[in-house]
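Read the structure below first, then the notes.
Chains as they are written, first to last, in my numbering: chain X, 3 to 453; chain A, 3 to 453.
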């Protein structure tokens with residue numbers, strides 16, 4: 003066990019101020035075997051507190067490295083959602099071995115959480131919520147809360163269910179309970195409001211949207227028959243959002259999402275996460291060389307045209323990257339839906355034309371200035387070259403804006419995350435087409451003179 | 003007033019289920035004058051509920067368009083943080099006029115919130131928290147909470163202060179209070195823990211980090227003397243994070259952050275938000291044309307070199323964009339600090355070399371294959387050209403990774419948000435240098451043969 007952990011553990015024992023998060027983080031930096039050794043040095047309640055923290059990376063692998071009885075005891079005491087996440091991380095064998103060592107009711111509860119993908123509401127939910135029958139009074143409810151408080155993730159939202167069928171019929175906050183008359187029926191506190199709820203297969207973005215929109219501390223997850231399955235709490239949503247933000251930022255930059263902090267990621271992992279995309283983009287970008295080979299004759303006759311290739315290509319990539327980032331966010335926030343693609347296209351087409359025209363005017367001005375001021379001689383046909391560059395910019399920026407805005411829709415339609423459309427991906431897509439647009443325009447404008 | 007709003011308002015009256023958020027959103031889509039007209043049709047408590055929602059865009063401008071007495075009454079009843087945000091949106095005159103119409107204590111409270119920048123903990127905080135003296139018992143505290151509950155943003159975190167000086171000495175959750183013995187002193191529930199707190203000038207990222215790390219529902223904001231100034235609640239942090247995520251995603255794509263949803267943004271605004279960056283990048287990218295003009299002689303003698311320019315430039319841009327996105331996130335999450343720049347450089351240098359070597363090998367293989375299989379004839383010196391392309395890729399990918407990773411540090415050092423380093427910005431930075439690296443390597447390898 004390395005120095006970092008032993009000192010963290012020493013601190014944990016010595017000082018109640020040492021937060022579980024710090025111990026969790028230190029243990030998460032170790033190999034699973036070393037983390038398991040660290041866990042067995044801790045008293046059970048502290049081990050559970052550390053395992054319950056999202057900072058404990060690969061907690062499931064550490065649990066799998068412990069003796070099965072000890073691991074099962076820890077899993078039983080962990081919060082249900084973290085226990086399910088840890089089980090999901092293990093190999094199928096380890097998971098089966100541990101599930102078999104749990105009591106039937108715990109196994110069943112965890113099994114229900116394991117049914118849903120990690121980034122769905124069902125995958126984020128916990129089963130440790132407070133529910134009372136609709137016949138309860140305020141004082142019944144408060145008494146119930148006091149009795150079960152220790153085993154619940156949150157007690158600030160209380161769910162009112164029908165005694166038969168467990169259908170959700172209302173929610174009430176602890177805030178309202180503590181200020182209410184103890185003799186009142188708990189149902190009257192809901193003022194007849196239909197509770198906000200979410201389906202287990204809804205996305206984490208949707209859970210975040212509901213929690214934000216209705217200022218909730220937790221949103222109940224219900225099945226098609228409106229039966230309570232669990233709750234998604236605001237702190238899990240916050241963690242999920244920050245994690246998603248990191249993943250998306252990295253993917254938009256063209257990197258596979260890192261599982262650990264930058265400086266904790268091993269060199270080989272770092273290369274692996276980056277080389278894949280870099281090679282894929284490189285191979286696609288090779289089409290630019292093929293496109294240029296195709297126009298080799300034109301290139302030799304009008305070498306001046308090559309001077310503007312980087313400028314024109316990058317403008318297409320930039321406008322595409324702008325459009326893509328706008329649409330990815332609009333889709334994630336639910337501001338734009340798949341069926342709105344044509345409304346977006348109808349905005350991006352004129353936007354691309356205007357932006358292309360602005361750049362085109364700047365480009366023509368640049369060539370004219372350089373020619374007239376004698377900075378560079380583009381030859382007798384300089385005006386036609388300026389026209390080619392200007393028109394090329396209009397065409398390429400328009401194509402970039404359109405392609406960049408449609409790509410996230412296409413990805414979503416095909417069942418991928420629209421956020422997989424990275425800036426380098428868009429740039430590559432636009433580069434090859436951009437070259438073809440540029441040379442085609444050149445052929446039209448310059449044929450008979452330079453070409 | 004348009005149809006959208008009148009129907010929203012009608013619903014609001016007719017049905018208690020109509021959420022304030024929907025009304026707020028409908029009003030936020032209107033011009034300030036129309037939104038003010040909508041507000042005056044609502045009963046005061048509904049108007050306040052709508053104004054309190056972050057979905058109400060430009061709420062401050064709508065308030066400024068109301069008669070001053072009516073606006074002052076609404077401001078007084080709004081939550082303090084939203085009221086301060088609304089005041090911050092107004093012109094200086096409107097703000098002064100409205101502040102003058104408020105009672106001295108409300109004016110002073112709002113004035114304290116206006117002192118801090120919008121994206122700092124001070125700018126996000128509210129003054130409506132529950133505080134009790136350290137001499138209180140549990141039942142005193144519960145009685146106090148019941149008395150003031152309506153005027154507080156959250157009652158789930160209770161702050162224990164010294165009666166003299168208002169120094170924060172402890173926090174206790176409502177959860178703990180309702181399960182405790184009523185006769186117990188509230189201080190004993192803190193178990194001697196030093197409360198987590200934040201300075202008013204700390205960033206919203208830092209507030210989010212603390213709330214996530216310690217699973218808080220609110221973090222207290224204290225001054226240098228540890229006196230309570232306010233609290234930042236988890237729902238404000240969630241809103242701020244989602245907003246920041248959108249802003250950053252748009253900026254990384256090279257767009258100025260939009261203030262409104264994509265489809266609600268006017269065409270002219272959309273062009274303005276995109277044209278600025280696009281032109282700035284275009285002007286910088288013009289340096290590529292200048293660099294190519296400088297190497298014109300070499301270009302004419304070895305036209306084959308131009309075939310690989312897009313390929314090589316884009317690889318530099320892609321590796322730079324990867325490194326930038328990784329470092330921006332690591333800085334935002336506090337995983338890397340400004341002083342770690344050299345540790346990052348020491349990782350990116352070898353990473354860039356390895357990634358460049360991988361692409362270099364692929365590039366050399368491509369040229370060799372095409373030459374040997376007869377797809378294209380790169381001339382007698384094809385092997386030297388392949389060597390130039392391969393070495394160029396190593397140089398450019400290394401430079402891209404280094405420059406891309408150092409740029410966010412440089413921006414932070416200069417006082418900018420490191421997230422202003424957009425993918426197009428990095429690509430442009432790397433493009434010009436990439437061309438110079440490529441041609442310099444070509445001069446060394448090909449001089450005496452092609453050049």
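A virtual CB, placed ideally from N, CA and C, is assigned to each residue, including glycine.
Asked: Pairwise C-alpha distance: residue 176/A and residue 162/A; Found: 13 Å
Asked: Rounded Cβ spacing between residue 437/A and residue 315/A (contact assumed at less than 8 Å); Found: 7 Å
Asked: CB contact below 7 Å: residue 445/X versus chain A; Found: no
Asked: Euclidean distance between Cα positions of residue 122/X and residue 204/X; Found: 6 Å
Asked: Contact with chain X by residue 148/A, beta-carbon distance below 7 Å; Found: yes
Asked: Helix, strand or coil at residue 1/X [DSSP, three-state]; Found: There is simply no residue 1/X to check, as chain X begins at 3 and stops at 453 in what is shown.
Asked: Three CB pairs or more closer than 8 Å across the region 253-273 of chain X and the region 256-271 of chain A; Found: no
Asked: Residues of the region 215-232 of chain X whose Cβ lies closer than 9 Å to any Cβ of chain A, in chain order; Found: 215, 216, 217, 218 and 219
Asked: Where residue 257/A sits in the DSSP three-state scheme; Found: coil
Asked: Residue burial classification, residue 374/A (beta-carbon count within 10 angstroms, cutoff 16); Found: exposed
Asked: C-beta atoms of residue 326/X and residue 331/A nearer than 7 Å; Found: no
Asked: Proximity below 7 Å, CB of residue 232/A to CB of residue 129/A; Found: yes
Asked: Assigned secondary structure, residue 178/X (DSSP; H/G/I helix, E/B strand, else coil); Found: helix
Asked: Under 7 Å between C-beta atoms of residue 174/X and residue 191/X; Found: yes
Asked: Per DSSP, the bridge partner or partners of residue 234/X; Found: 221/X
Asked: C-beta neighbour in chain A for residue 252/X, strict 7 Å; Found: yes
Asked: Residue 407/X: first and last residue of the uninterrupted alpha helix (DSSP H) it sits in; Found: 384-415
Asked: Simplified DSSP state of residue 1/A, which is helix, strand or coil; Found: A question about residue 1/A goes unanswered here, because the residues of chain A that appear run from 3 up to 453.
Asked: Extent of the continuous alpha helix (DSSP H) to which residue 330/A belongs; Found: 311-334
Asked: Given residue 216/X as reference, the closest of 237/A, 95/A and 62/A once Cα atoms are compared; Found: 237/A
Asked: Beta carbon proximity, residue 315/X to chain A, threshold 7 Å; Found: yes
Asked: Residue environment, residue 118/X, which counts as buried when at least 16 other CB atoms sit within 10 Å; Found: buried
Asked: When 77/A, 210/A and 343/A are compared against residue 420/A, the one with the closest alpha-carbon; Found: 343/A
Asked: Residues from the region 272-287 of chain X in contact with chain A, defined by Cβ distance under 8 Å; Found: 272, 273, 276, 277, 279, 280, 281, 283, 284, 285 and 287
Asked: As assigned by DSSP and simplified to three states, the class of residue 157/A; Found: coil
Asked: Own chain, CB closer than 6 Å to residue 336/A, minus 5 neighbours either side, in chain order; Found: 211
Asked: Minimum Cβ-Cβ distance from residue 174/A to chain X less than 7 Å; Found: no
Asked: Exposure label - residue 429/X; buried when at least 16 CB within 10 Å; Found: buried
Asked: Residue from 361/X, 324/X, 148/X and 388/X whose Cα sits closest to the Cα of residue 371/X; Found: 388/X
Asked: Near-chain A residues of the region 357-387 of chain X - C-beta to any C-beta below 8 Å; Found: 357, 360, 361, 364, 365, 368 and 378
Asked: Distance between residue 200/X and residue 63/A (C-alpha atoms, nearest Å); Found: 35 Å
Asked: Nearest-angstrom Cα separation, counted from residue 140/X out to residue 134/A; Found: 25 Å
Asked: Counted within 10 angstroms of its Cβ, other Cβ atoms place residue 252/X as buried (16 or more) or exposed; Found: buried
Asked: Nearest-angstrom Cα separation, counted from residue 150/X out to residue 183/A; Found: 16 Å
Asked: Proximity test, Cβ basis, 7 Å: residue 122/X and chain A; Found: no
Asked: Where residue 143/X falls: helix, strand or coil (DSSP); Found: helix
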